[in-house]
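Worksheet: the structure to be examined is printed underneath.
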């Protein structure tokens with residue numbers, strides 16, 4: 086192994102360690118116990134949804150001493166073994182019948198609660214697709230089609246969730262409305278920019294400030310054709326979501342137990358311990374993934390050439406959720422697309438290494454969390470006859486990095502605090 090190859094391995098190891106620390110900081114087993122309701126001897130009815138919901142349920146079972154019952158729905162492959170709380174797996178990001186049936190059962194569970202009952206809602210990213218219960222007049226197939234069109238449109242997570250809420254019987258505060266008059270405590274793991282509880286999994290337990298008019302505008306802005314039934318629902322005020330001041334939700338208690346900033350800070354601590362200066366650029370960066378890759382390349386070049394805004398060795402850390410406007414027929418999640426655009430823009434610049442990965446362990450429709458890249462990525466690709474620009478134009482970043490054996494593969498992490506990006510500059 087040459088000295089250069091050793092350096093690449095050493096720098097990649099640091100980036101992977103930083104990513105692992107970011108994921109560990111959001112582990113539900115660490116985060117849930119401190120936020121459980123008081124009175125651990127009484128009965129709790131547990132419901133929830135999201136990529137982290139099964140592990141959250143396991144954490145509840147580990148810490149709670151009283152009786153437990155309930156049901157949570159998580160993505161296929163994300164289940165944990167629980168004794169008292171039923172775990173159901175369903176499809177994400179496009180809903181399926183398993184999610185539809187689990188949502189129906191959750192609604193029945195909370196509707197049966199009375200004023201002396203306490204409901205614990207475990208909500209995390211991915212819950213919006215897993216909690217699928219169309220409003221009357223819209224079929225399951227029609228709602229799935231709208232969801233799929235939104236995913237491919239380039240709409241932000243907040244915009245997608247605005248539409249989803251107004252086509253749902255459970256999102257946008259409707260879960261808590263159905264549970265009234267029972268007490269509802271919500272534990273949330275944030276995967277959204279800004280950590281707004283109303284956006285996380287489309288806010289099933291909190292009031293909603295978005296409107297039917299906004300949902301209509303979003304569909305029009307992204308030129309998404311919808312069935313007549315959907316247009317009819319979005320023009321009927323009876324389908325408006327619970328708003329601030331709604332008495333059914335007035336007594337609810339909500340805690341964000343893990344968020345992207347905590348994970349970025351954990352990664353920064355790892356870098357600092359290795360003598361590398363961390364600079365957190367933000368926990369809620371949004372925009373087109375490929376455009377962000379180009380911008381980040383420009384910042385990295387400025388650091389390398391001029392020591393601004395921080396001197397080397399340093400690492401630029403960011404989180405948030407970018408978007409990918411699908412133009413080609415390839416496989417490219419947000420993180421792969423960002424990294425491939427970064428690699429193309431850097432054009433082999435020396436001393437710059439990067440990782441981009443989703444903290445849930447799955448980037449887009451791939452089995453990879455993301456990928457890593459270094460100064461030799463383009464050279465190695467060209468030696469294999471691979472054009473970075475061609476793969477980028479086809480939205481096929483996963484195939485590009487798979488060919489280089491530079492994917493980050495973790496399997497489901499059972500948490501989800503959104504994307505993690507780190508650009509190391511030596």
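Residue numbers (the numbering used here): 86 to 511.
Backbone N, C-alpha and C define an ideal beta-carbon position, used for all residues, glycine too.
Quick caveat: nothing in here was measured; it's all calculated off a predicted structure.
Proximity test, Cβ basis, 7 Å: residue i and chain B
i: residue 450; result: Among the chains in the structure shown there is no chain B, since it carries only a single protein chain.
Alpha-carbon spacing of residue i relative to residue j, whole angstroms
i: residue 158; j: residue 99; result: 35 Å
i: residue 179; j: residue 93; result: 38 Å
i: residue 204; j: residue 474; result: 51 Å
i: residue 240; j: residue 233; result: 11 Å
i: residue 105; j: residue 135; result: 20 Å
i: residue 427; j: residue 382; result: 6 Å
i: residue 487; j: residue 265; result: 50 Å
i: residue 535; j: residue 107; result: Examination of residue 535 is not possible in this model, given that the chain is present from 86 through 511 alone.
i: residue 88; j: residue 147; result: Reliability fails at residue 88, whose pLDDT of 39 lies under 50, so the model's placement of it is uncertain and the value that follows must be treated cautiously. Spanning the two alpha carbons is a distance of roughly 48 Å.
Proximity below 7 Å, CB of residue i to CB of residue j
i: residue 285; j: residue 275; result: yes
i: residue 153; j: residue 163; result: no
i: residue 422; j: residue 374; result: yes
i: residue 156; j: residue 208; result: no
i: residue 243; j: residue 292; result: no
i: residue 509; j: residue 438; result: yes
i: residue 362; j: residue 111; result: no
i: residue 414; j: residue 498; result: no
i: residue 195; j: residue 263; result: yes
Member of the options whose CA lies at the smallest distance from the CA of residue i
i: residue 450; options: 323, 237 and 279; result: 237
i: residue 483; options: 442, 505, 130 and 124; result: 442
i: residue 206; options: 280, 318 and 269; result: 269
i: residue 198; options: 261, 426, 114 and 506; result: 261
i: residue 315; options: 101, 509 and 301; result: 301
i: residue 220; options: 96, 326, 469 and 370; result: 326
i: residue 202; options: 214, 336 and 282; result: 336
i: residue 103; options: 359, 490, 389 and 305; result: 359
i: residue 249; options: 386, 280 and 212; result: 212
i: residue 440; options: 222, 511, 455 and 408; result: 455
i: residue 224; options: 317, 235, 166 and 139; result: 317
i: residue 210; options: 186, 143, 133 and 235; result: 133
i: residue 368; options: 503, 384 and 411; result: 503
i: residue 251; options: 328, 176 and 182; result: 328
Per DSSP, the bridge partner or partners of residue i
i: residue 400; result: 363 and 509
i: residue 100; result: Looking at the DSSP assignment, residue 100 forms no beta bridge with any residue, so it has no partner.
i: residue 517; result: Outside the shown range of the chain (86 to 511) lies residue 517, about which nothing can therefore be said.
i: residue 340; result: 272
i: residue 369; result: According to DSSP, residue 369 bridges with nothing at all.
i: residue 219; result: 253
i: residue 405; result: 370 and 504
Limits of the alpha helix (DSSP H) - the one that residue i falls within
i: residue 494; result: Taken as a continuous stretch (DSSP letters only), residue 494 belongs to no alpha helix (DSSP H), as it is neither H nor E.
i: residue 438; result: Where residue 438 is concerned, there is no enclosing alpha helix (DSSP H), although the beta strand (DSSP E) it sits in stretches over 437 to 443.
i: residue 421; result: 419 to 431
i: residue 171; result: Segment 171 to 175 is the beta strand (DSSP E) holding residue 171; no alpha helix (DSSP H) there.
i: residue 114; result: 113 to 116
i: residue 347; result: 345 to 358
Run of the beta strand (DSSP E) containing residue i, from where it starts to where it stops
i: residue 145; result: Per DSSP, residue 145 belongs to no beta strand (DSSP E); it is in the alpha helix (DSSP H), 138 to 148.
i: residue 204; result: 203 to 209
i: residue 487; result: Unbroken run through residue 487 is the alpha helix (DSSP H), 482 to 488; no beta strand (DSSP E).
i: residue 271; result: 268 to 274
i: residue 456; result: 455 to 458
heavy atom of the ligand GTP below 6 Å from residue i C-beta
i: residue 151; result: The ligand GTP is absent from the structure shown, which contains no ligand whatsoever.
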